[in-house]
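Worksheet: the structure to be examined is printed underneath.
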Amino acid sequence: MPFFQPDDDPGPDFAGLVRRLGLQPETPGSDVATRLAITHATTVVAIRYIDGVVMAGDRRATSGNIISHRAIEKVFPADRHSGVAIAGAAGPAMEMVKLFQLQLEHYEKVEGTSLSLEGKANQLGQMVRNNLPAAMQGLAVVPIFAGFDIRRSVGRLFQYDITGGRYEESNFATSGSGGSLAGSVVKMGFREGLSSDDAVDLAITALFEAADEDSATGGPDMVRGIYPVIATIAEDGFTRISDSVIAQRFTGLLETLTARQVGMNRVPETSSETKVARS
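First residue of the sequence shown: 0, per numbering that gives the first Met the number 0; consecutive thereafter.
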């Protein structure tokens, strides 16, 4: 910093002085995500079923075209009867989930009762809105919130945009790079009155098909024993399904898809071959 003589008053405006002396740092010409390798969580899904909601997320996190983590978790309990699935910049997303959990716990301790499900959804929307300046720099967080509404005795789910806009969905919600692919699978397979098992199978299929088309979405890793995080939220609370159960479901899905592919690859007999075989 320069020195000033007693008769050379720099003035009270420090920022103006810095600009006048040419000491103002250069403004970056690109956002944070372009200059730094930011870890991103990818595809998450939530599906309503007859007794509540199923939430699922793959385990892959990417930094550009590099797989930065193979076993990241993207589905978390918010409290006993609700959960959050994250997509977007992993660091801010995980910090947001921790703060959200703390706020819900604090509210319940102070008020002596839990916040309503809509109140929780609104609170998370405000947190997403507060992250907007970071989102404009490439650190966007776009979660899914879902839970069991005790007052209505029904599962409900909510989507958000980067401005904090909150939108309740009727049947399912997706987010992340493979969200549209997973959503198409769920849309084709969803029906009213799904059982818990059917909803879990549908979520597994959606993540598998998304991973087949989207390189940022991770499929089941049989070698390392890494499978998507899947949880149900019903009247009895948030329950994470064990990896062993998910592995069995994926094995059944792969057997079905393999049998279907074999049937598609089978070459039909020509008419001449059929006549020779019969003779």
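For glycine and all other residues, C-beta sits at the position ideal for the given N, C-alpha and C.
Under DSSP, H68 takes part in a beta bridge, and its partners are A60.
With fewer than 16 other beta carbons inside 10 angstroms of its own, M263 counts as exposed. No beta strand (DSSP E) of 3 residues or more sits fully in the segment 183–226.
The shortest C-alpha to C-alpha distance from M187 to any of N170, G175, D196 is the one to N170. For the pair K97 and L156, the Cα-to-Cα distance works out to about 20 Å. Annotation for G163: no alpha helix (DSSP H) segment contains it, and DSSP assigns it neither H nor E. Runs of the alpha helix (DSSP H) lying entirely within the segment 106–178, each at least 4 residues long, are 116–129, 131–134 in chain order. DSSP places G10 outside both helix and strand once states are collapsed to three, so it counts as coil. T250 and P227 have their alpha carbons spaced roughly 13 Å apart. Between the alpha carbons of E234 and G192 lies a distance of about 16 Å.
Spatial neighbours of S81 in its own chain (CB-CB distance under 6 Å, excluding positions within 5 residues in sequence) are listed in chain order as K119, G146. The criterion of a C-beta distance shorter than 7 Å is satisfied by S176 and D213. CA-to-CA, the gap between V140 and A89 works out to about 8 Å. T231 is bridged by DSSP to V53, T238.
Taking 8 Å as the upper bound for CB-CB distance, V52 and G154 are in contact here, some 4 Å apart. C-alpha of N64 to C-alpha of G182: approximately 23 Å in a straight line. Within the DSSP secondary-structure output, G87 pairs in a beta bridge with A40, V140. Nearest neighbour of D197 by Cα position, chosen from A134, I229, T38, turns out to be I229. Contact between A84 and A45 is confirmed by a C-beta separation of about 6 Å, below the 8 Å threshold. Spanning the alpha carbons of E254 and Y48 requires a straight line of approximately 25 Å.
By the criterion of a C-beta distance shorter than 6 Å, P219 is surrounded in its chain by Y226, F249, once the five residues flanking it on both sides are discounted. Assignment of F99 by DSSP, reduced to helix, strand and coil, places it in the helix class.
No Cβ-Cβ contact shorter than 7 Å links D57 with T162. Each of Y159, L20, R150 was checked against the Cα of L131, and the nearest Cα belongs to Y159. Straight through space, the alpha carbons of E107 and E117 are spaced by roughly 15 Å. Checking the DSSP bridge columns, you'll see V74 partnered with A84.
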